[in-house]
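Asks: Before we start, here is the structure in question, set down as structure tokens.
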Amino acid sequence: MLCLLRPTILRATPRLVRPFTSTSWLSQSMPETPLPSSKDPSHPHLFYHPNSTYVSLSFLPHPPAVYGSRTVLGYLPLGDATLDDFREEPKFRKVLNDAVKSGLEQGKATTVQFEAETRPVDGWIHITDERAIPPAGRIGETEDLIGSVYVQGGKIVADTYSPLPTYRLVTTNGVMQLPEGLDKHVIEVLEGIDKEERTQAAADLM
Numbered sequence: 001m002l003c004l005l006r007p008t009i010l011r012a013t014p015r016l017v018r019p020f021t022s023t024s025w026l027s028q029s030m031p032e033t034p035l036p037s038s039k040d041p042s043h044p045h046l047f048y049h050p051n052s053t054y055v056s057l058s059f060l061p062h063p064p065a066v067y068g069s070r071t072v073l074g075y076l077p078l079g080d081a082t083l084d085d086f087r088e089e090p091k092f093r094k095v096l097n098d099a100v101k102s103g104l105e106q107g108k109a110t111t112v113q114f115e116a117e118t119r120p121v122d123g124w125i126h127i128t129d130e131r132a133i134p135p136a137g138r139i140g141e142t143e144d145l146i147g148s149v150y151v152q153g154g155k156i157v158a159d160t161y162s163p164l165p166t167y168r169l170v171t172t173n174g175v176m177q178l179p180e181g182l183d184k185h186v187i188e189v190l191e192g193i194d195k196e197e198r199t200q201a202a203a204d205l206m
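The UniProt record's numbering applies: residue 1 is where the sequence shown begins, and numbers increase by one.
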């Protein structure tokens, strides 16, 4: 039952994320029984899209158009699931990193820009997931550091952005929450990908 996917339950300690293709409850084709999607009340952008066997986690309000969609963060088994059972969608990580970099290039990362402008000297700054903001002057946990970017003269040097491999989409503090500005930019990127996937899926049916 989807009702078991309450935000309080979805804060269990996650195991190391395993490839979703190794999990028996994830078949290699899109299940035929869609169920109503729902919004997570504790997260500004997270939606659950259940079907007959598993739940897709996404920042878009409608279910993905294709199996293994690049718009999906990952999956949970349908039923008594916790984030211990989360399986990351391998294609999403590249989409995320590319979108963060393009957001920096386009000046969409308002909170990161503010940090850069107020930094007294040149150097690297971390882009931190807002699900667990560290105290002022402290660096967040490695699992919450999305990436690093160099700041020179109070300006972000976007092409220096480097994603950190220790970053986790899901932790004990919940599902990823991007800094203000970047969150909306990533959603715009996901909407574009979703449109492409739907167009291709429709063409494949012709």
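Don't be surprised by glycine CBs; every beta carbon is placed ideally from N, CA and C.
Every value quoted in this text rests on a predicted model; they were computed, and no experiment measured them.
(1) Helix, strand or coil for residue 62? Go by DSSP, reduced to three states.
(2) Give the straight-line distance between the Cα atoms of residue 88 and residue 116, rounded to the nearest whole angstrom.
(3) Would you list the residues sitting across from residue 152 in a DSSP beta bridge?
(4) I need the DSSP call for residue 201, collapsed to helix, strand or coil.
(5) I need the DSSP call for residue 191, collapsed to helix, strand or coil.
(6) Any idea what DSSP makes of residue 92, helix, strand or coil?
(7) Bridge partners for residue 162 per DSSP, in chain order?
(8) Taking just the CA atoms, how far does residue 146 sit from residue 179?
(9) Does DSSP classify residue 101 as helix, strand or coil?
(10) Ordered along the chain, which non-local residues of its own chain (more than five positions away) have a Cβ less than 7 Å from that of residue 62?
(11) Could you compute how far the alpha carbon of residue 202 sits from the alpha carbon of residue 111?
(12) Between residue 56 and residue 72, which are expected to be in contact by the criterion C-beta below 8 Å, what is the C-beta distance as a whole number of angstroms?
Replies: Reading it off the structure:
(1) Working through the sequence shown from its first residue, we reach residue 62 at position 62. It is coil, neither helix nor strand.
(2) Taking the sequence shown and counting its residues from 1, the one referred to as residue 88 is at position 88. Taking the sequence shown and counting its residues from 1, the one referred to as residue 116 is at position 116. One C-alpha to the other measures close to 31 Å.
(3) For the purposes of this step, residue 152 is taken as the residue at position 152 of the sequence shown. Partner(s): 155.
(4) Position 201 of the sequence shown, counted from the start, is the residue given in the question as residue 201. Helix.
(5) Taking the first residue of the sequence shown as 1, we reach residue 191 at position 191. Three-state result, residue 191: helix.
(6) Translated into positions along the sequence shown, residue 92 becomes position 92. Three-state DSSP puts residue 92 in a helix.
(7) Taking the sequence shown and counting its residues from 1, one reaches residue 162 at position 162. 148, per the DSSP bridge assignment.
(8) Locating residue 179 in the sequence shown gives position 179, where the first residue counts as 1. Locating residue 146 in the sequence shown gives position 146, where the first residue counts as 1. Taking the straight line from one Cα to the other gives about 10 Å.
(9) The residue given as residue 101 occupies position 101 in the sequence shown. Residue 101 falls in the helix class under three-state DSSP.
(10) Counting from 1 along the sequence shown, the entry for residue 62 is found at position 62. Within the same chain, residue 62 has close Cβ partners 37.
(11) Within the sequence shown, residue 202 is the residue found at index 202, counting from 1. Within the sequence shown, residue 111 is the residue found at index 111, counting from 1. For the pair residue 202 and residue 111, the Cα-to-Cα distance works out to about 39 Å.
(12) Locating residue 56 in the sequence shown gives position 56, counting from the first residue. Locating residue 72 in the sequence shown gives position 72, counting from the first residue. Under the criterion of beta carbons closer than 8 Å, residue 56 and residue 72 qualify as touching, at roughly 5 Å.
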